[in-house]
Amino acid sequence: MFSTTKKALSSQNGIKKAAILLGLGVALTGCISPTAGSDGRYTTPIGNAPVINNETPYSSALRCIGSRMAGTAAAPRIAVGNIKDYTGKVELEGGAKLTQGASLMAISGLSKAGVMLVERFDTSVAELELKYANDRLISDANPDEYRQIHAGSIRGSDYYMVGGITELNFDIRNGGMDSAFSDLDPTGLSATISGRLFVMNVGLDLRLVDSRSLEVVHVVSYQKQIIGREIVAGVFDFLNGNTFEIGAGERANEPLQLGVRSVIERAILEMIVPLYGTNPTNCTNFGAEGDPLGEIHYRSAPQNYGVQQAQVTAPAPQAYAPAAPAARTAPVQPQTVAARTTVAAPVMNDPYGYYSEPIFSDRLRSSQY
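Heads up, the sequence shown stops at 1597 in this note's numbering, and the numbers go up one at a time, no gaps.
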């Protein structure tokens, strides 16, 4: 009789445990329906983070320089070519390890600094429209008049930026700590905790080229280290004949692609400061931790350097009318564009003659931005 009762109780306990497990499974999948609702969705997506600006530690400095370049006369125009991933690091399932859009990051960085950009990265639409216009298939305001093609209607570039991501080194260094505690009693409490740090780096090589002479006027080679961490803790115990095991952990990595964007924006910062002859006194602050490359030190541009400040008035909107090409008096001088005051173009072969390289220091920036 007692044996039968014990078996019945054991069977009831088994049913209860199975019911609990089934209930947990249903609870985990309760937010998903096998049929779509009236809103056309199987479930409501989680997360409510808003869209924010894609910033790096150098974005504020670029914008600061851009605010001081507003109204600058005779500012050179810059185009961005291919900035490719030359690391060759590809995963079998995940694809390329690094972004394939470094050129787009460079365009965004130059735009933050208020640089005058001309499109050279993707001209497929412009080339197609030019072909249609050449065949007299495109009209603008008046459908009866086709768009005419005028020589010199496309703005030229004074400099262009090219280069590539050349380094991706995994696991430069890693370290960690593991510790454990266990009671002498085999059924006593035991606990473990471990933590690890991982460091990798990414490298970039960029160059700025004179569009007319193809002379390389500036080369930048930068690298940035990227850190990740992992923390795991667990507890194991026997309680009233039952086994309990609880584990918790966290793994965090500094965004790899954001690291690439940071290196690109730092390279842009070094290139455009001497090119535009800016002298901002408070644009060298890169956050509370400073910058490991040291501050960029500015010198006053020579008096004959053709970069002056002028107030710019935006032109009133006008109907489409391709402008005649502006005359260039000297092949090495940037052309003034519309709505900018023209100044006398001086003769200066080296636009970086007044620029001093950053002073390096042994102070490293912390892993947090």
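Virtual Cβ for every residue (Gly too), placed ideally from N, Cα, C.
Just so you know, these numbers come straight off a predicted model, no measurement behind them.
Check each candidate in the options and name the one with the smallest Cα separation from residue i.
i: V1390; options: L1412, G1329, G1416; result: G1329
i: S1331; options: I1306, K1317, L1320; result: I1306
i: E1357; options: I1382, M1344, K1340; result: I1382
i: E1478; options: A1461, V1491, L1484, Q1485; result: A1461
i: L1484; options: S1261, L1396, P1262, R1291; result: L1396
Could you tell me the alpha carbon to alpha carbon distance between residue i and residue j, rounded to whole angstroms?
i: E1498; j: S1385; result: 19 Å
i: V1427; j: Q1453; result: 7 Å
i: S1336; j: N1281; result: 11 Å
i: A1277; j: D1267; result: 22 Å
i: A1369; j: G1323; result: 46 Å
i: Y1270; j: V1279; result: 24 Å
i: D1411; j: T1420; result: 12 Å
i: N1470; j: V1463; result: 14 Å
i: D1313; j: I1393; result: 5 Å
i: F1398; j: A1379; result: 51 Å
i: N1598; j: G1456; result: The structure shown has nothing for residue 1598, since the chain only spans 1229 to 1597.
i: I1248; j: L1425; result: 39 Å
i: Q1537; j: L1338; result: Confidence is the limiting factor: at Q1537 the pLDDT is only 37, short of 50, which leaves the residue's position unreliable and the question unanswerable from this model.
i: N1433; j: D1406; result: According to the sequence shown, residue 1433 is Asp rather than Asn. For D1433 and D1406, the distance between alpha carbons rounds to 39 Å.
i: T1415; j: N1468; result: 10 Å
i: V1308; j: R1348; result: 6 Å
i: L1326; j: Q1376; result: 43 Å
Taking its Cβ as the centre, do 16 or more other Cβ atoms sit within 10 Å of residue i, making it buried, or is it exposed?
i: K1359; result: exposed
i: M1333; result: buried
i: C1259; result: exposed
i: M1297; result: buried
i: G1294; result: buried
i: E1482; result: buried
i: S1441; result: exposed
i: L1320; result: exposed
i: G1275; result: exposed
i: V1501; result: buried
i: D1350; result: exposed
i: S1490; result: buried
i: A1495; result: buried
Of all Cβ atoms in chain B, is any one closer than 8 Å to the Cβ of residue i?
i: E1283; result: Going by chain labels, chain B is absent from the structure shown, which holds only one protein chain.
Measure how close the beta-carbons of residue i and residue j come, nearest whole angstrom, since I'm counting them as under 8 Å.
i: V1447; j: V1488; result: The Cβ separation is near 18 Å, so there is no contact.
i: S1287; j: E1493; result: 6 Å
i: Y1387; j: D1438; result: 6 Å
How is the beta strand (DSSP E) around residue i delimited, first residue to last?
i: Y1450; result: 1444-1467
i: R1479; result: 1470-1481
i: A1419; result: 1418-1438
Mind checking which residues open and close the alpha helix (DSSP H) that includes residue i?
i: V1390; result: Not the alpha helix (DSSP H): V1390 falls in the beta strand (DSSP E), residues 1387-1410.
i: G1337; result: 1330-1340
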